[in-house]
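Going down the list, the sequences are from chains A and B. Residue numbers for the first sequence follow this note's numbering, beginning at 59 and rising by one. Residue numbers for the second sequence follow this note's numbering, beginning at 59 and rising by one. Comments concern the structure below.
Protein chains: 2
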Amino acid sequence: MPKVQAILEGILKKDALIASRLLRAVDDQDPKAVEILEKIYPKRKPSQVIGLTGPPGVGKSTLIDALVAKEREGGACVGVLAIDPSSPFTGGALLGDRIRMSRHASDPDVFIRSLASRGRMGGLSASLQDSLVVMQAMGYSPIFVETVGTGQDEVEVLRVSHTTLVVLAPGLGDSIQSLKAGIMEIADIYVVNKADKDSARTLQSEIEDLIGMKVYTPEDWQPRVILTSPAYNQGLKELQEAIKAHWTYLNQAGRRRRKEEQIAKQLVVGRLQDGILHLLEAKLNHLLGGAWKDEILNPYTMSNKLFERFKQQVVDET
Amino acid sequence: MPKVQAILEGILKKDALIASRLLRAVDDQDPKAVEILEKIYPKRKPSQVIGLTGPPGVGKSTLIDALVAKEREGGACVGVLAIDPSSPFTGGALLGDRIRMSRHASDPDVFIRSLASRGRMGGLSASLQDSLVVMQAMGYSPIFVETVGTGQDEVEVLRVSHTTLVVLAPGLGDSIQSLKAGIMEIADIYVVNKADKDSARTLQSEIEDLIGMKVYTPEDWQPRVILTSPAYNQGLKELQEAIKAHWTYLNQAGRRRRKEEQIAKQLVVGRLQDGILHLLEAKLNHLLGGAWKDEILNPYTMSNKLFERFKQQVVDET
Numbered sequence: 059m060p061k062v063q064a065i066l067e068g069i070l071k072k073d074a075l076i077a078s079r080l081l082r083a084v085d086d087q088d089p090k091a092v093e094i095l096e097k098i099y100p101k102r103k104p105s106q107v108i109g110l111t112g113p114p115g116v117g118k119s120t121l122i123d124a125l126v127a128k129e130r131e132g133g134a135c136v137g138v139l140a141i142d143p144s145s146p147f148t149g150g151a152l153l154g155d156r157i158r159m160s161r162h163a164s165d166p167d168v169f170i171r172s173l174a175s176r177g178r179m180g181g182l183s184a185s186l187q188d189s190l191v192v193m194q195a196m197g198y199s200p201i202f203v204e205t206v207g208t209g210q211d212e213v214e215v216l217r218v219s220h221t222t223l224v225v226l227a228p229g230l231g232d233s234i235q236s237l238k239a240g241i242m243e244i245a246d247i248y249v250v251n252k253a254d255k256d257s258a259r260t261l262q263s264e265i266e267d268l269i270g271m272k273v274y275t276p277e278d279w280q281p282r283v284i285l286t287s288p289a290y291n292q293g294l295k296e297l298q299e300a301i302k303a304h305w306t307y308l309n310q311a312g313r314r315r316r317k318e319e320q321i322a323k324q325l326v327v328g329r330l331q332d333g334i335l336h337l338l339e340a341k342l343n344h345l346l347g348g349a350w351k352d353e354i355l356n357p358y359t360m361s362n363k364l365f366e367r368f369k370q371q372v373v374d375e376t
Numbered sequence: 059m060p061k062v063q064a065i066l067e068g069i070l071k072k073d074a075l076i077a078s079r080l081l082r083a084v085d086d087q088d089p090k091a092v093e094i095l096e097k098i099y100p101k102r103k104p105s106q107v108i109g110l111t112g113p114p115g116v117g118k119s120t121l122i123d124a125l126v127a128k129e130r131e132g133g134a135c136v137g138v139l140a141i142d143p144s145s146p147f148t149g150g151a152l153l154g155d156r157i158r159m160s161r162h163a164s165d166p167d168v169f170i171r172s173l174a175s176r177g178r179m180g181g182l183s184a185s186l187q188d189s190l191v192v193m194q195a196m197g198y199s200p201i202f203v204e205t206v207g208t209g210q211d212e213v214e215v216l217r218v219s220h221t222t223l224v225v226l227a228p229g230l231g232d233s234i235q236s237l238k239a240g241i242m243e244i245a246d247i248y249v250v251n252k253a254d255k256d257s258a259r260t261l262q263s264e265i266e267d268l269i270g271m272k273v274y275t276p277e278d279w280q281p282r283v284i285l286t287s288p289a290y291n292q293g294l295k296e297l298q299e300a301i302k303a304h305w306t307y308l309n310q311a312g313r314r315r316r317k318e319e320q321i322a323k324q325l326v327v328g329r330l331q332d333g334i335l336h337l338l339e340a341k342l343n344h345l346l347g348g349a350w351k352d353e354i355l356n357p358y359t360m361s362n363k364l365f366e367r368f369k370q371q372v373v374d375e376t
């Protein structure tokens with residue numbers, strides 16, 4: 059890697075090659091890369107991070123592609139971060155996404171990166187945030203983050219997003235009833251995509267009914283429902299405006315400040331967790347004191363003992 | 059909760075109600091539940107844990123359903139653990155799975171449990187293993203674990219499985235080429251499901267070509283490729299035999315012992331990681347010493363400092 063100062067300058071000058079190299083070094087746990095991230099962190103510009111989630115097949119990638127085009131019309135420099143579902147099986151699907159995005163791939167003002175979670179030891183959280191920090195320092199805004207819509211990866215993306223879009227589509231067999239439990243808590247904006255299809259209106263009013271069941275104070279953001287159909291250029295401007303309205307909302311009354319604090323704490327915890335996990339894996343045999351030499355000891359007993367030691371020494375002493 | 063001794067006896071007597079309550083208490087982080095798990099751990103019977111993964115739509119649930127039926131014919135008591143993709147969106151799909159499984163739902167010798175990963179703080183690993191420990195103490199064997207085939211959840215399931223089945227189906231658009239990178243490392247048995255369809259044979263020979271590219275020593279398990287079609291009762295017996303053959307292989311030359319040791323270490327690390335994460339989240343403000351009172355400090359600096367303290371006190375002193 060080039061010198062720290064040269065990398066730092068490259069990032070601030072939006073050098074995509076230097077940024078990619080830095081992010082690869084971060085993935086490889088290069089200590090120099092972390093040193094650079096530490097220096098980059100205060101240089102971030104305020105960029106809206108938009109997390110998109112929803113079941114497979116609703117057209118999230120196509121929607122992002124269309125939103126990127128809209129933002130480019132307005133002259134914005136846009137970031138796209140795709141969480142590679144990192145199953146070997148979805149390699150094909152990802153390739154498809156990249157092809158769909160390829161009209162932006164050669165645009166220097168669009169920075170597209172995919173992040174693998176497969177085989178990763180520890181959470182996705184720290185790596186995800188590292189990528190966002192670099193994109194924000196480069197000045198990309200907004201930044202779209204696409205999840206695969208399942209499991210822990212989704213949760214971690216939404217925890218670091220300013221604005222959450224839940225993308226649905228009519229006729230996918232997902233009963234709105236089954237969505238009830240989780241859906242009310244996470245969406246800032248609901249997108250009914252493929253709105254040219256029949257029953258899009260039905261889905262819209264079902265979502266609106268759900269929203270209507272919750273009581274919002276004037277301080278709360280009231281979720282919006284937007285119908286889109288990228289193929290017919292329908293609803294994109296309205297969606298873009300709703301996203302901006304949520305950003306305006308966050309920038310009032312210290313809300314963004316509080317959100318940024320949460321995100322920063324998340325990064326501290328994520329990095330600590332990753333570091334501790336690596337250390338535990340590396341030193342486990344040593345910590346266990348050869349406990350497993352002859353027979354398998356009780357892992358509940360072992361973890362309780364080790365945890366108590368951690369708790370007393372690190373937390374109680376402070 | 060009833061007394062510890064009564065719960066312990068209930069589990070060993072295969073009382074499904076007591077088991078479900080215990081597992082719910084584990085999910086709620088009830089300290090008494092962990093105490094019981096610690097007592098249950100040495101009572102586990104040797105049960106084969108079979109992890110199934112593969113892209114959505116290949117028919118994993120239907121395949122498990124058919125394998126459960128086959129095992130029941132032979133008189134085995136079977137466990138099924140489904141990793142709820144825990145997106146609110148897949149509630150519908152899960153419901154479908156439950157309906158497909160419903161012919162076994164009333165069978166007392168089939169224990170079906172689903173495990174949510176959504177909203178979970180920390181990894182899935184510890185909870186997953188807790189469920190397996192309970193099922194193994196109850197004497198269920200084999201135990202099928204179904205993943206959604208993406209992301210961290212999948213990785214964690216495969217790390218605690220004895221035998222890994224990679225389920226594929228013809229015509230799903232997944233180029234075998236794209237599978238190359240990850241697939242060779244994880245599968246003990248490849249299942250080409252929906253084998254009644256055209257091009258199943260093509261998929262089979264593509265997989266066999268991939269297997270053929272790797273050099274196996276006589277000590278290694280050589281992955282098998284099995285064609286199945288549950289609808290036509292095709293290949294199920296062959297698959298069942300391949301699964302048993304892998305279990306026999308593991309039970310030779312101390313292989314199962316080494317695998318169990320890895321799994322137990324995984325449990326120690328998983329539990330420690332969860333415990334430390336909870337502690338960090340709870341005590342973070344305290345640890346940060348009000349650092350965020352006025353402005354957002356650099357999370358890289360903060361996490362480095364906290365990590366160094368952890369490292370010195372807990373690891374270097376031992």
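Built from N, CA and C at the ideal position, the CB exists for glycine as well.
Would residue i be called buried (16 or more neighbouring beta carbons within 10 Å of its own) or exposed?
i              : result
S78 (chain B)  : exposed
Q324 (chain B) : buried
P166 (chain B) : exposed
P200 (chain A) : buried
At 8 Å on the CB atoms, spell out the chain A contacts of residue i, in chain order.
i              : result
V92 (chain B)  : Y358, N362
L342 (chain B) : K323, V326, V327
In whole angstroms, give me the CA-to-CA distance for residue i and residue j.
i              : j              : result
L364 (chain A) : E214 (chain B) : 22 Å
Y198 (chain A) : I301 (chain A) : 16 Å
E93 (chain B)  : E131 (chain B) : 36 Å
I69 (chain A)  : R82 (chain A)  : 14 Å
R259 (chain A) : Y290 (chain A) : 16 Å
I321 (chain A) : R161 (chain B) : 46 Å
G270 (chain B) : E264 (chain B) : 10 Å
T111 (chain B) : L186 (chain B) : 15 Å
P357 (chain A) : V326 (chain B) : 5 Å
L284 (chain A) : L261 (chain A) : Here residue 284 (chain A) turns out to be Ile, not Leu, going by the sequence shown. Roughly 11 Å separates the two Cα atoms.
T275 (chain A) : G115 (chain A) : 34 Å
K369 (chain B) : L342 (chain A) : 13 Å
R102 (chain A) : E318 (chain A) : 12 Å
Between which residues of its own chain and residue i is the CB-CB distance below 8 Å, once the five residues before and five after are set aside?
i              : result
G117 (chain A) : V225, A227, N251, K252, P288
K97 (chain A)  : V62, L66
D267 (chain B) : none
Residues in the same chain with beta-carbon distance under 7 Å from residue i, minus the five sequence neighbours each way, listed in chain order, please.
i              : result
G229 (chain B) : K255, S257
L75 (chain A)  : none
L345 (chain A) : L364
V191 (chain B) : L95, I98, Y99, R102
Starting from residue i, find everything on chain B with Cβ-Cβ shorter than 8 Å and list it in chain order.
i              : result
L216 (chain A) : The premise fails here: L216 (chain A) is roughly 10 Å from chain B at the closest Cβ pair, so nothing lies under 8 Å.
P114 (chain A) : P114
Checking 9 Å against the spacing of the C-beta atoms, do residue i and residue j come in under that value?
i              : j              : result
T222 (chain B) : G109 (chain B) : yes
A195 (chain A) : Y99 (chain A)  : yes
E212 (chain A) : I122 (chain A) : no
M193 (chain B) : L125 (chain B) : no
S361 (chain A) : R329 (chain B) : yes
Q331 (chain A) : L338 (chain B) : yes
F169 (chain A) : G137 (chain A) : yes
Y307 (chain A) : R313 (chain A) : yes
I334 (chain A) : I334 (chain B) : yes
L294 (chain A) : D188 (chain A) : no
E277 (chain B) : A311 (chain B) : yes
Y13 (chain A)  : R282 (chain A) : Chain A is shown only over 59 to 376; residue 13 (chain A) falls outside these bounds and no answer can be derived.
Determine the chain B residues that contact residue i at a beta-carbon separation under 7 Å, and present them in chain order.
i              : result
K369 (chain A) : L337
L330 (chain A) : L338, S361, L364, F365
G333 (chain A) : F365
What does residue i touch in chain B if you count any residue whose Cβ is under 9 Å from its own?
i              : result
L95 (chain A)  : Y358
P281 (chain A) : What P281 (chain A) touches in chain B: nothing, since even the nearest Cβ is about 14 Å away.
Beta-carbon within less than 6 Å of residue i's beta-carbon, same chain only, minus the 5 sequence neighbours each way: which residues are those?
i              : result
W305 (chain A) : Q106
Q280 (chain B) : Y274
G154 (chain B) : Since pLDDT at G154 (chain B) reaches only 47, below the 50 mark, its modelled position is unreliable, and no value is offered.
L379 (chain B) : The question about residue 379 (chain B) has no answer here: the residues shown for chain B are numbered 59 through 376.
K72 (chain B)  : M196
Anything in chain A within Cβ reach of residue i, meaning under 7 Å, just list it in chain order.
i              : result
A322 (chain B) : I354, P357
I201 (chain B) : Per Cβ cutoff of 7 Å: no residues; I201 (chain B) is ~18 Å from chain A at best.
Flag residue i as yes if its beta-carbon sits less than 9 Å from any beta-carbon of chain E, otherwise no.
i              : result
R315 (chain B) : Checking the listed chains, one finds no chain E in this structure; the protein chains it contains are A and B.
So which residues of chain A does residue i contact, with C-beta pairs closer than 9 Å?
i             : result
Y99 (chain B) : N356, P357, Y358, T359
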